[in-house]
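Encoded as structure tokens, the structure appears first; notes follow it.
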Amino acid sequence: MPTPNSAVNNTISPTDSNACKYSTLPLEEQPCPKYREFLSASRPERTMMIERLVETAADIIDSIWQPRFLTNDKVKVVPTKGFIREILCRSKATYSTLQICLFYLFRVKKIVHEKLRKRHQSSSPSSSPSPPSSSTSLSASSLSNHVNTFHECSLKTNNRTEELMCCGRRMFLAALMLASKYLHDKNYRNQSWAKISGLSMREINAAEMAFLQLIDYKLYVSKPTFDKWYTLLHGYTCSKK
Numbered sequence: 003m004p005t006p007n008s009a010v011n012n013t014i015s016p017t018d019s020n021a022c023k024y025s026t027l028p029l030e031e032q033p034c035p036k037y038r039e040f041l042s043a044s045r046p047e048r049t050m051m052i053e054r055l056v057e058t059a060a061d062i063i064d065s066i067w068q069p070r071f072l073t074n075d076k077v078k079v080v081p082t083k084g085f086i087r088e089i090l091c092r093s094k095a096t097y098s099t100l101q102i103c104l105f106y107l108f109r110v111k112k113i114v115h116e117k118l119r120k121r122h123q124s125s126s127p128s129s130s131p132s133p134p135s136s137s138t139s140l141s142a143s144s145l146s147n148h149v150n151t152f153h154e155c156s157l158k159t160n161n162r163t164e165e166l167m168c169c170g171r172r173m174f175l176a177a178l179m180l181a182s183k184y185l186h187d188k189n190y191r192n193q194s195w196a197k198i199s200g201l202s203m204r205e206i207n208a209a210e211m212a213f214l215q216l217i218d219y220k221l222y223v224s225k226p227t228f229d230k231w232y233t234l235l236h237g238y239t240c241s242k243k
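Residue numbering for the sequence shown follows the numbering used here, starting at 3 and increasing by one per position.
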């Protein structure tokens, strides 16, 4: 298993196992031009593009689960980027798996903001977030020191599913799991994801079901939709030069 300090090109697989077969596919089934640019790029160029995608992933998660109306300067947490990097390093996720994962997250953005806004408005102005309980935080030994805080779940609720939906890091993990299952025939079992994340099997299963409900089980992504999404994502990541 790669260490947390592995180089970025070991954090996420730069190409998919079927990349060499793309040229033999019919034109309408081949990747969009921007994605072919990535496949034909040199290793240093791909490494740089992967690094930017990881930064973009952190931006997306923070924009969805840490909107401005929920900012709390008192809460200190390890950077989202460190959390993402460690999960990708341990799961050996592919470049396209992360892209689909981020697409899923964008699909639920409006719903998540509605849930967060309702919780924020219903909470007392004088109350402050409670510290994470043992059921919503990771131990110091799990995922090294990068991801031992799941602070988005710190607010108490009687609905565990709603609580999970409001935890950006758990929902990212669930989205990555589902993207991998959607794209690849051979996948980790949930037991393996539990070991990767340091969470219990019960927690992993619950997070997966919560995200499926959040996205209304709509995991299918058509090729035209993915091509548009990749082009948009590519444009944003390139702007981070």
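Idealized CB from N, CA, C, for every residue including glycine. Keep in mind it's a predicted model, so treat the numbers as computed, not measured.
Check                                                                                                                                                              : Outcome
Can you name the start and end residues of the alpha helix (DSSP H) that Asn192 belongs to?                                                                        : 192 to 199
Between the C-alpha atoms of Ser124 and Ala181, what's the straight-line distance to the nearest angstrom?                                                         : 33 Å
Let me confirm a value: Glu47 is counted as buried when at least 16 other C-beta atoms fall within 10 Å, else exposed. Which label applies?                        : exposed
Got a sec, what are the start and stop residues for the alpha helix (DSSP H) Leu214 sits in?                                                                       : 203 to 216
Hey, Ala209 and Leu178: beta-carbon distance below 7 Å or not?                                                                                                     : no
Residue range of the alpha helix (DSSP H) that Ala59 falls in?                                                                                                     : 45 to 67
Spatial neighbours of Lys117 within its chain, please: C-beta separation below 7 Å, excluding the five flanking residues on both sides.                            : Glu164, Met167, Cys168
Any idea if Cys103 is buried or exposed, counting beta-carbon neighbours within 10 angstroms, 16 or more meaning buried?                                           : buried
Check for me: the alpha helix (DSSP H) holding Thr239 runs from which residue to which?                                                                            : 225 to 240
Tell me the residue span of the alpha helix (DSSP H) that contains Leu221.                                                                                         : Careful: Leu221 lies outside any alpha helix (DSSP H) and carries neither H nor E.
Looking at Arg109: is its Cβ nearer than 7 Å to the Cβ of Ile217?                                                                                                  : yes
For Pro69, I'd like the list of residues in its chain whose CB is within less than 7 Å of its CB, leaving aside the five on either flank, ordered along the chain. : His115, Leu118
Ordered along the chain, which non-local residues of its own chain (more than five positions away) have a Cβ less than 6 Å from that of Ile198?                    : Arg92, Ser93
What's the call for Gln193, buried or exposed, on a 16-neighbour Cβ count within 10 Å?                                                                             : exposed
Anyone know if the C-beta pair for Arg54 and Lys188 falls short of 7 Å?                                                                                            : no
State the CB to CB distance for the pair Phe105 and Trp195, rounded to an integer number of angstroms; the pair is presumed to be in contact (CB under 8 Å).       : Incorrect: roughly 20 Å between the Cβ atoms, too far for contact.
In whole angstroms, what is the alpha-carbon distance linking Asn161 and Thr49?                                                                                    : 41 Å
What does a CB cutoff of less than 6 Å around Ile206 pick up in its chain, not counting 5 residues either side in sequence?                                        : Asn192, Trp195, Ala196
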